[in-house]
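Here the structure comes first, spelled out in structure tokens, and everything after it is commentary.
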Amino acid sequence: MDFRFSEQEEKIRKEVREFCQQEPPENFPCEIEDEGYGFGGWSCAFTKRLGEKGWLSIAWPKEYGGMGGSIMERFVAAEELAYHRAPQYGHLFGDAVGTGVLRYGTEEQKQEFLPRMARAEILFSTGLSEPGAGSDLLNTSTRAVKDGDYYVINGQKIWPTGAHLAEWCLLLARTDPDAPKSRGLSTFLVDVRSPGVTVNPIVDMAGANSFTEIFLEDVRVHKKYLLGQENRGLPLVFEALEGDRFWGRCLRHAGSKRDLEELVEFVNEAKYDGHRLRDNQVIRDTLAELAVELEVSRMINYKAAWLLNKGASISWESSVVKVVADELGQRIANAGLEIMGPEIQINDNSKWARLNKRFLFLYTFNRGISLAGGTSEIQRNAIALRGLGLPRA
Ligand SMILES: Cc1cc2nc3c(=O)[nH]c(=O)nc-3n(C[C@H](O)[C@H](O)[C@H](O)COP(=O)(O)OP(=O)(O)OC[C@H]3O[C@@H](n4cnc5c(N)ncnc54)[C@H](O)[C@@H]3O)c2cc1C
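Quick look at the structure:
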């Protein structure tokens, strides 16, 4: 493993940094605020701007609207955007879907979707979970029945993030109810503006409007929107989830670094009961411990990015990335609230109120983060199975 970035990677980092200084991401309107995953909030306007720069498709082939760059260049650009708290949520699912289309899509699908996704003309959400199928997607009961050139889809999806903002959804449905559970599932590219689709936003406990429920009633989807082979949808979904676990968390250290830097700034200045917080040994130890964990998280992310860049599988490393990022995020939010608590109670108009609000939000929202994309328990199962070679329990 080479710990230095290449000239090309440094070049793109510099370009992204200058872009964020010239066009501050916070000036773009956000539909969903930054929830602390590491990839910022959801901003259709900012996503469009990234599309114009070509940064939504850095590692896609040029013939499909990509830049023909490497995974590492894509990672470095995303890391720099994360440090600037730039909203990258809006295209995150597009990344996973785009990778699936590149790998499993027909030539027609590649031509139809990839260039438009690269320009952010269309956004994607992912509709996998159902009320009875979350950790165990084999229980998927949404049905797709062949009818001539169409599939007729009926069922319900729960928790798709951003389906109220994205035009399209990668949807998992059962096409053969008689086959073994893992064999009868297929994936579809579904236009959620089609007749029969209802998308309802759901407000989470942090007050954010990030996820949704989708109802599908006799929705007709042309067979050309079947992605991959009929009844062979699971490998595609597992690959998309692997990508989602990595790309959805690998940036967290960059955003959390900013949170920690601001917390340190606060500790340096604030007093409680006449005592400077920076003199408190427990607080110093807590901050130092978080700095250690952040550094570990960064290295784990770099290693996984490097493996991906080499074309290697990260089937269990992506679970490590996710567990570390999610649980560290919870610890940072807890520490932030505990350390800031006394100051905010004393002075509501404190200049630190904004930072405190951020930690308050992260504290509640971070409960959900360790569920999204597969719970920490499921990730630990994957690490035991694929990373440690333990037999299935
Ligand atoms: C913020 C957020 C965003 C989301 N975004 C999306 C999205 O965009 N698209 C989408 O399709 N879904 C999305 N989800 C849904 C998410 O993928 C599921 O919530 C998750 O997979 C867990 O499924 P479940 O909620 O049905 O819980 P269940 O599967 O019912 O699990 C309940 C509990 O049992 C534990 N458990 C279950 N099976 C095992 C096992 N074998 N071993 C040990 N413990 C186990 C789980 O860890 C959990 O604690 C999102 C969820 C959240 C919170």
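Per our numbering, residue 19 is the first one in the sequence shown, and the count goes up by one each step. Glycine residues also receive a C-beta, built at the ideal position from the N, C-alpha and C atoms.
Delimiting residues of the alpha helix (DSSP H) encompassing residue i
i	result
Arg67	62 to 71
Ile387	371 to 387
Asp262	252 to 265
Trp324	299 to 327
Asn399	394 to 400
Val94	89 to 101
Gly118	107 to 122
Gly273	270 to 287
Leu132	125 to 136
Under 8 Å between C-beta atoms of residue i and residue j
i	j	result
Ser143	Pro198	no
Arg398	Val342	no
Ser24	Asn327	no
Asp194	Asn157	no
Lys242	Ala138	no
Ala63	Pro47	yes
Gly112	Met135	yes
Val338	Ile401	yes
Ile171	Pro149	no
Gly214	Leu234	yes
Ile220	Cys187	no
Buried versus exposed, by CB contacts within 10 Å (16 or more), residue i
i	result
Leu408	exposed
His240	exposed
Arg103	buried
Met85	buried
Arg466	Past the edges of the chain, shown from 19 to 411, lies residue 466, and the structure says nothing about it.
Met223	exposed
Thr304	buried
Ser212	exposed
Ala411	exposed
Lys275	buried
Asn319	buried
Gln26	exposed
Candidates the options, of which the one nearest residue i by Cα
i	options	result
Glu28	Arg92, Phe46, Ser274	Arg92
Pro133	Asn298, Val119, Asp194	Val119
Glu283	Glu25, Phe111, Trp370, Gly112	Trp370
Ile30	Glu97, Asp52, Ala63, Tyr168	Glu97
Gly391	Ala63, Leu110, Phe21, Gly246	Leu110
His182	Arg161, Pro47, Ser228	Ser228
Asn352	Ser368, Ala322, Asn384, Val338	Asn384
Glu81	Gln129, Thr124, Cys62, Lys32	Gln129
Gln348	Trp265, Arg376, Glu231, Ala323	Arg376
Glu125	Tyr168, Glu257, Leu245, Asp297	Leu245
Gly123	Gly69, Leu99, Thr160, Gln247	Gln247
Ser61	Lys71, Glu49, Gly69	Glu49
Ile387	Ile350, Asp344, Leu406	Asp344
Leu141	Ser200, Ala272, Asp277, Leu74	Leu74
Tyr169	Val115, Leu278, Ser204, Asn367	Ser204
Val163	Ala100, Ile220, Val237, Ala151	Val237
Val34	Gly58, Ala100, Gly59	Ala100
Leu373	Leu281, Ser331, Ser153, Pro105	Leu281
Lys71	Glu36, Met90, Leu259, Asn298	Glu36
Gly6	Val314, Ser333, Phe21	Lying outside 19 to 411, the shown extent of the chain, residue 6 is not represented and no answer is given.
7 Å CB neighbourhood of residue i in its chain, flanking five on each side removed
i	result
Leu146	Leu155, Leu190, Val255
Pro79	Gly86
6 Å CB neighbourhood of residue i in its chain, flanking five on each side removed
i	result
Thr117	Gly261
Proximal residues to residue i (C-beta, below 8 Å), its chain only, five neighbours per side dropped
i	result
Ile301	Val285, Leu295, Ile357
Terminal residues of the beta strand (DSSP E) in which residue i lies
i	result
Tyr168	168 to 179
Glu235	229 to 240
Val34	Segment 25 to 40 is the alpha helix (DSSP H) holding Val34; no beta strand (DSSP E) there.
Ala197	Counting along the chain, Ala197 falls outside any beta strand (DSSP E), and DSSP gives it neither H nor E.
Arg161	161 to 165
Ser143	142 to 145
Pro219	215 to 220
Tyr203	It is worth fixing the name first, because residue 203 is Leu in this sequence and not Tyr. Residues 203 to 209.
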